[in-house]
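Okay, structure first, notes after.
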Amino acid sequence: AEACISVVSNKPSYRINDSVNSMSLGLLSDMIQKRFSALVVFPYKYIYEHYHLFDIPSTSLLSWVVVFVGVDFCYYWFHRLAHEINFLWVTHIVHHSSEEYNLSTALRQALLSNFAQLFYIPLALFVPIQMLFVHTSFNTLYQFWIHTRFVGKLGILEYVLNTPSHHRVHHGRNPYCIDKNYGGTLIIFDRLFGTFQAETEEEIVYGVVPPLRSWNVYWDNWHHVKHIIKLSLASPSWFDKVLAPWRGPGWYYNAKSGGRYLSVGPIGSKFNPKEKFNPYVPVSVSIYCLAQYFCCVKLYLFMELMPFSMQMFVMFLILVSIYSFGALFEKLKYAPLVELGRLCLVAFLGYQVAVHLAWNLTDWSTLLSVGMWMLCVLFIVSTFEFYEPACAEIQVDDPKMASKVPTIPSNDTLKGAEKYLKAAAASNKVRLNTKTD
50 AEACISVVSN
60 KPSYRINDSV
70 NSMSLGLLSD
80 MIQKRFSALV
90 VFPYKYIYEH
100 YHLFDIPSTS
110 LLSWVVVFVG
120 VDFCYYWFHR
130 LAHEINFLWV
140 THIVHHSSEE
150 YNLSTALRQA
160 LLSNFAQLFY
170 IPLALFVPIQ
180 MLFVHTSFNT
190 LYQFWIHTRF
200 VGKLGILEYV
210 LNTPSHHRVH
220 HGRNPYCIDK
230 NYGGTLIIFD
240 RLFGTFQAET
250 EEEIVYGVVP
260 PLRSWNVYWD
270 NWHHVKHIIK
280 LSLASPSWFD
290 KVLAPWRGPG
300 WYYNAKSGGR
310 YLSVGPIGSK
320 FNPKEKFNPY
330 VPVSVSIYCL
340 AQYFCCVKLY
350 LFMELMPFSM
360 QMFVMFLILV
370 SIYSFGALFE
380 KLKYAPLVEL
390 GRLCLVAFLG
400 YQVAVHLAWN
410 LTDWSTLLSV
420 GMWMLCVLFI
430 VSTFEFYEPA
440 CAEIQVDDPK
450 MASKVPTIPS
460 NDTLKGAEKY
470 LKAAAASNKV
480 RLNTKTD
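As numbered in this note's numbering, residues 50 to 486 make up the sequence shown, in order.
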């Protein structure tokens, strides 16, 4: 519905590549975390059963209000520390890496995002786990709807609740937006602890600094870990090496200036560009990836009904699939070949399902299924225009310069042309047009 509103109102806030990437990250996170959820639930349950100080009546309205506020208080501090400490930022950076802001952004979650549950352990001294689950679930569900650009300010509610306006500021990478508005359902703790910032008239640019510039879901989860390791290795003393995971995400070290926190530059600066990462691919490929993603979701929903060995195969297939979608969106040269391999896995899965259900392999339904995947293979083969990079067309007014002007791939058009033709453009001898078809 929100996507339709964005089209009708001519305020684009959705891109297929970004939305599939966000939903893939959510699927990956849910698939992995379900297998390890007991690891974060067990400490809370153990402490409550052995060390809780008193029981609170679950029938009392006051009890529910107190727990509601307590859960949001714990979430506020997890959220704030996740932005201020490197190793905790690993559990949250994925949620902020999208350069769009819409309902699909709410689905972006890191593989380690369940780590937040450990911050609720102090409540185990008096809150039963069933009541905790009700409130944490509500806190999560509430935050889904505030990921939208189409709801303005909500009057008096802005003083108490975390609203779409407040959360847009939280997701922005404009300098005034950094490290603001951490609340889950309430905004009162931001007002109390000095992290509140109201939305201004300045256009908000979304994402992280520097931008991720990738549709690879695994790199999205891993890249900040790599940054911490590099930071630790670059630090001269063992004290600084050990401290690297505990520093803030803005901490950098180099031999010339030493270690220091870098301020976020204005929008349009080198590490905070306004341009979005959006490699050109044919529309047909984008629609294909979206359709295939929903096929993966359907597989995931029915996975629990399958034998264990087949469940493991489906998990592997989904892991390969969401990598393949990212590779197609990035227009990597090997992406169609990866997708062809993935479709072979799908065909193998279809065969195994047919055998498991004792289908007649000459049955029309089986033939129809095989035929569908053959069409998918033909579709991918037909997109081998993929290998032909869109190029920059450079019009040269001065004939003497014609032989000196290179052909520049479209992804590097602005950067390469600006560097190579800076002097020529200044003298109006060169005009640059970008061709994407």
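Note that the Cβ used here is the ideal one computed from N, Cα and C, for glycine as well.
- Does the region 150 to 158 come close enough to the region 192 to 200 that 3 or more CB-CB pairs lie under 8 Å? yes
For this session: Return the chain-ordered list of same chain residues with a C-beta closer than 6 Å to the C-beta of Val69, the five sequence neighbours on each side being excluded.
Result: Cys338, Leu339, Tyr342 and Phe374
Could you check what DSSP says for Leu156 in three-state terms: helix, strand or coil?
helix
Requested in this report: Using the Cα positions of Lys60 and Ser147, report the straight-line distance between them to the nearest angstrom.
Outcome: 17 Å
(Q) Just list the residues that DSSP pairs Ser284 with in beta bridges. (A) The partner list for Ser284 (beta bridge, DSSP) is empty, contrary to what the question assumes.
Using a threshold of 8 Å, state whether the C-beta atoms of Arg222 and Glu248 are closer than that. no
Just the C-alpha distance for Phe238 and Met364, rounded to the nearest angstrom, thanks. 40 Å
Next on the checklist: I'd like to know whether the C-beta atoms of Leu348 and Ile367 end up nearer to each other than 8 Å.
Outcome noted: yes
Exercise. Starting from Gln341, trace the alpha helix (DSSP H) both ways and give me its first and last residue.
Key: Val332 to Phe351
*Please report how far the alpha carbon of Ser335 lies from the alpha carbon of Ala50, in whole angstroms.*
19 Å
**Item:** Member of Pro328, Phe193 and Leu181 whose CA lies at the smallest distance from the CA of Val115
**Value:** Leu181
### Query
Unbroken alpha helix (DSSP H) runs of length 4 or more, entirely within the region 64 to 106: which are they?
65 to 100
My parser needs the alpha helix (DSSP H) runs of 4 or more residues fully inside the region 223 to 282; what are they? 237 to 242
query = So the alpha helix (DSSP H) Ser186 belongs to, where does it begin and stop?
reply = Ile178 to Trp194
Kindly indicate which three-state DSSP category Leu210 falls into: helix, strand or coil? strand
- Item | Nearest-angstrom Cβ-Cβ length linking Asn135 and Pro298, presumed shorter than 8 Å | 6 Å
I need the boundaries of the alpha helix (DSSP H) containing Met355, first residue and last residue.
Per DSSP, Met355 belongs to no alpha helix (DSSP H) and is neither H nor E.
### Query
At which residues does the alpha helix (DSSP H) containing Glu51 begin and terminate?
Glu51 to Val57
- Message: What does the Cβ neighbour count give for Ser452, buried or exposed, with the cut at 16 atoms within 10 Å?
- Response: Residue placement at Ser452 is poorly supported in this model, since its pLDDT is 45, which falls under 50; the coordinates are not used for a value here.
Q) In the structure shown, what three-state DSSP assignment does Tyr125 receive? A) helix
Can you tell me which residues form a DSSP beta bridge with Tyr310? Trp300
Should Ser73 and Tyr63 be called a contact, given that it needs their Cβ atoms to be closer than 8 Å? no
With a threshold of 8 Å, are at least 3 pairs of Cβ atoms found where one atom belongs to the region 223 to 243 and the other to the region 96 to 112? no
Look at the alpha carbon of Ile278 and the alpha carbon of Trp268, and state the distance between them as a whole number of angstroms. 15 Å
Should Gly256 and His145 be called a contact, given that it needs their Cβ atoms to be closer than 8 Å?
yes
**OP:** Would you mind stating whether Asn4 and Thr244 have Cβ atoms separated by less than 8 Å?
**Re:** Any answer about residue 4 is impossible in this case: the structure gives the chain only from 50 up to 486.
* Would you grab the beta carbon distance between Leu261 and His272 for me? Rounded to a whole angstrom, and I think it's under 8 Å. => 7 Å
Problem set entry | Under the three-state DSSP convention, the category Asn151 falls into | coil
Using beta-carbon positions only, say whether Thr234 and Leu203 come within less than 8 Å of one another. no
message = Whole angstroms are fine: how far does the CA of Leu161 sit from the CA of Asn66?
response = 23 Å
Trp113 versus Arg129: straight-line alpha-carbon distance, rounded: 24 Å
query: Which residues in the same chain have their Cβ closer than 7 Å to the Cβ of Glu467, if we skip the five residues on either side of it in sequence?
result: Here the model assigns Glu467 a pLDDT of 46, short of 50, so the residue's position is not dependable and the matter cannot be decided.
(request) Work out the CA separation of Tyr169 and Ser186 for me, nearest whole Å. (result) 13 Å
Notebook entry, point to check: Are Tyr124 and Ile178 close, meaning C-beta to C-beta below 8 Å?
Noted result: no
- Query: Roughly how many angstroms separate the alpha carbons of Ser58 and Glu252, rounded to a whole number?
  - Reply: 17 Å
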